[in-house]
Amino acid sequence: MARDPDDIRNWQRRPDGITTSGKLEAHDPPRLAAIGVRHVGNLALDSHPEALAQEAALLAAEGIAYTHIPVPFDAPTPAHVAALAEALAAHPSPHHVHCIMNWRVTAFLYLLDRAGGVPEPEARARMAKVWNPLEDETAPAVWRALLT
Numbered sequence: 010m011a012r013d014p015d016d017i018r019n020w021q022r023r024p025d026g027i028t029t030s031g032k033l034e035a036h037d038p039p040r041l042a043a044i045g046v047r048h049v050g051n052l053a054l055d056s057h058p059e060a061l062a063q064e065a066a067l068l069a070a071e072g073i074a075y076t077h078i079p080v081p082f083d084a085p086t087p088a089h090v091a092a093l094a095e096a097l098a099a100h101p102s103p104h105h106v107h108c109i110m111n112w113r114v115t116a117f118l119y120l121l122d123r124a125g126g127v128p129e130p131e132a133r134a135r136m137a138k139v140w141n142p143l144e145d146e147t148a149p150a151v152w153r154a155l156l157t
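Per the numbering used here, the very first residue in the sequence shown carries number 10; after that it's consecutive.
Here it is as structure tokens:
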């Protein structure tokens, strides 16, 4: 198998095998396929200037299923987190989940880790590898509220 494309913005491989990152580029879908990714979840808005145009088609060309859950950065909700959980359950793994900076993703996976029984310090450490809105005073309050 190919090595992880860890040059993708904020690339992470979690202990559960899910990979996460910030924005994808047009050359990334073949690299995800090469490491065995079978499903990609995207939490970014299509309207973001760094969003990958035609992402679904680029992934489909590599045989990768795609779920888009657009999460406004200033308005994440528990329903968005539930939609991610449903998408992960509905598609075969390995999964890759991304947004623009990997901030939405790591925060949502913190919540899914906690719901799955991961101890809080371990879940927080996983999230903090990329972003920790529970301790980052510049993080929008809506994120701290969602995570507490």
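In this text, a Cβ means the ideal position worked out from N, Cα and C, and glycines have one as well. Remember, predicted model here, so these are calculated numbers, not experimental data.
Test item: CB-CB of residue i and residue j under 8 Å
| i | j | result |
| --- | --- | --- |
| residue 151 | residue 43 | no |
| residue 70 | residue 60 | no |
| residue 100 | residue 57 | no |
| residue 46 | residue 103 | yes |
| residue 93 | residue 78 | yes |
| residue 122 | residue 113 | no |
| residue 120 | residue 97 | no |
| residue 133 | residue 142 | no |
Residue environment, residue i, which counts as buried when at least 16 other CB atoms sit within 10 Å
| i | result |
| --- | --- |
| residue 29 | buried |
| residue 32 | buried |
| residue 5 | Residue 5 lies beyond the range of the chain shown here (10 to 157); nothing can be said about it. |
| residue 50 | buried |
| residue 107 | buried |
| residue 21 | buried |
| residue 76 | buried |
| residue 116 | buried |
| residue 38 | buried |
| residue 105 | buried |
| residue 95 | exposed |
Range of the contiguous beta strand (DSSP E) that encloses residue i
| i | result |
| --- | --- |
| residue 91 | It is not in any beta strand (DSSP E) - residue 91 instead sits in the alpha helix (DSSP H) that spans 87–99. |
| residue 137 | First-last for residue 137: 129–137, but that is the alpha helix (DSSP H), not the beta strand (DSSP E). |
Boundaries of the alpha helix (DSSP H) in which residue i is found, first to last residue
| i | result |
| --- | --- |
| residue 114 | 112–124 |
| residue 66 | 64–69 |
| residue 153 | 150–156 |
| residue 143 | That residue, residue 143, is in no alpha helix (DSSP H); it is neither H nor E in DSSP. |
| residue 43 | 37–43 |
According to DSSP, residues forming a beta bridge with residue i
| i | result |
| --- | --- |
| residue 50 | 76, 106 |
| residue 30 | 107 |
| residue 18 | Answer is none; residue 18 lacks a bridge partner. |
Checklist entry - Do the region 127–138 and the region 87–96 touch if we need at least three Cβ pairs shorter than 8 Å? => result The region 127–138 is not in contact with the region 87–96.
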